[in-house]
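Using the working numbering, the letters of the sequence shown correspond one by one to residues 477 to 699.
Each remark here refers to the structure printed beneath this line.
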Amino acid sequence: MPLTRISLSRDRLGPRLRDRCAQAIRPGWTRGLAVRRLVAAALIVAAGVIGLAGMRADGEFEVLVAARELLPGHMVDAGDLAPRLVTGSTVPEGAITEPALATGRTVTGRVRTGEILTDTRLLSSRLPAELTGVDDARLVPVRLSDEAVTSLLRPGDVVDVLTDSADVLARRAVVAMHTGQSAAGGISSGRNTAAPVLLAMNAAAAHRVAAAGLDSSLAVVLH
Numbered sequence: 477m478p479l480t481r482i483s484l485s486r487d488r489l490g491p492r493l494r495d496r497c498a499q500a501i502r503p504g505w506t507r508g509l510a511v512r513r514l515v516a517a518a519l520i521v522a523a524g525v526i527g528l529a530g531m532r533a534d535g536e537f538e539v540l541v542a543a544r545e546l547l548p549g550h551m552v553d554a555g556d557l558a559p560r561l562v563t564g565s566t567v568p569e570g571a572i573t574e575p576a577l578a579t580g581r582t583v584t585g586r587v588r589t590g591e592i593l594t595d596t597r598l599l600s601s602r603l604p605a606e607l608t609g610v611d612d613a614r615l616v617p618v619r620l621s622d623e624a625v626t627s628l629l630r631p632g633d634v635v636d637v638l639t640d641s642a643d644v645l646a647r648r649a650v651v652a653m654h655t656g657q658s659a660a661g662g663i664s665s666g667r668n669t670a671a672p673v674l675l676a677m678n679a680a681a682a683h684r685v686a687a688a689g690l691d692s693s694l695a696v697v698l699h
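Written out as structure tokens, the structure reads:
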């Protein structure tokens with residue numbers, strides 16, 4: 477009889493031991509919640525690490541800035557440029573990153589010390605087309621009859637060019653550059669001493685303006 481009782485007790489304990497093992501292996505609600513919290517914490521940490529890495533990568537983006545103030549008409553040389561590390565979000569479109577892309581080119585408008593240089597701030601063969609959106613665009617130097625109007629113009633301004641008889645020679649020309657200084661003498665026997673304005677316009681209009689400017693005073697109307 478004692479042997480029989482021991483055998484029955486073992487049979488009853490056997491399933492309970494298996495149930496306990498299965499329960500230990502099977503994730504319950506509490507254990508599942510802990511796992512989810514652990515995974516969420518790991519994801520947050522990973523996101524932070526990636527964000528910091530991205531900030532470091534952005535901070536290592538090198539651009540060229542003006543080492544000194546550059547005036548319109550100035551030809552850029554290596555001494556005018558300085559490298560600077562900036563964040564990617566502050567880099568403007570067309571930023572100059574190589575000295576070879578800037579040296580030898582002419583500044584179209586005043587560039588302040590520390591300002592990031594961009595391609596539209598420097599004259600190039602592509603600038604007329606970039607300013608006007610016209611493939612055959614040309615640059616034309618124009619001396620306006622009113623020097624006060626010349627001083628008001630800024631690169632990027634859109635103007636119509638007229639003769640002294642109100643004939644329209646060019647529509648929607650774009651100011652590319654002006655020196656902002658009076659010349660020593662005009663191109664027509666000193667008659668006009670206003671600083672020239674460089675305008676971008678289509679080829680046909682450029683030819684009309686260049687020819688008319690030889691013997692006629694020109695004016696502009698701002699858009």
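Glycine residues also receive a C-beta, built at the ideal position from the N, C-alpha and C atoms.
As the structure is a prediction and not an experimental result, all values here were calculated from the model.
Query, Result
"Per DSSP, which residues does Val618 bridge with? Please list them.", "Val673"
"Classify Glu538 as helix, strand or coil using the three-state DSSP reduction.", "strand"
"Using the Cα positions of Thr639 and Val562, report the straight-line distance between them to the nearest angstrom.", "47 Å"
"Specify the secondary structure class of Ser692 as computed by DSSP and reduced to three states.", "coil"
"Which runs of the beta strand (DSSP E) spanning at least 3 residues fall entirely within the region 540-601, listed in chain order?", "557-562"
"If we count the other Cβ atoms within 10 Å of its Cβ and call it buried at 16 or more, is Pro559 buried or exposed?", "exposed"
"Look at the alpha carbon of Glu574 and the alpha carbon of Pro548, and state the distance between them as a whole number of angstroms.", "21 Å"
"Indicate the three-state DSSP secondary structure (helix, strand or coil) for His683 in the structure shown.", "helix"
"Reducing DSSP to helix, strand and coil, say where Leu638 ends up.", "strand"
"Ignore the nearest five residues each way along the sequence and tell me which others in Met551's own chain have a CB closer than 6 Å to its CB.", "Thr582"
"Would you call Ala671 buried or exposed, if buried means 16 or more other Cβ atoms sit within 10 Å of its Cβ?", "buried"
"Tell me the DSSP bridge mates of Leu698?", "Val635"
"Report the option in Leu615, Ser693 and Thr584 whose CA atom is closest to the CA atom of Pro631.", "Thr584"
"My output table needs one value for Ser664: the three-state DSSP class, helix, strand or coil.", "Low local confidence applies: a pLDDT of 40 at Ser664 is under 50, so the model's placement there is unreliable, and no value is given."
"Which whole-angstrom value describes the C-beta separation of Val610 and Val567, a residue pair presumed to lie in contact below a C-beta threshold of 8 Å?", "Their Cβ separation, rounded to whole angstroms, is 28 Å, which puts Val610 and Val567 out of contact at 8 Å."
"So, under 8 Å CB-CB, Val697 and Val618 are touching, yes? Tell me the CB distance rounded to an integer number of Å.", "Between Val618 and Val697 the Cβ distance is about 13 Å, and since that is not below 8 Å, they are no contact."
"Rounded to a whole number of angstroms, what is the C-alpha to C-alpha distance between Ala613 and Ala516?", "58 Å"
"Would you please state the rounded distance, in angstroms, between the beta carbons of Val650 and Leu607? I believe it to be under 8 Å.", "4 Å"
"Can you grab the Cα-Cα spacing for the pair Ala676 / Ala522, in whole Å?", "52 Å"
"Short of 8 Å in beta carbon distance, which residues of its chain neighbour Ala542, apart from the five on each side in sequence? Order them along the chain.", "Asp556, Leu557, Ala558, Val587, Arg588, Thr589, Gly590, Glu591 and Leu593"
"Whole angstroms is fine: what's the gap from Leu519's alpha carbon to Ile572's?", "38 Å"
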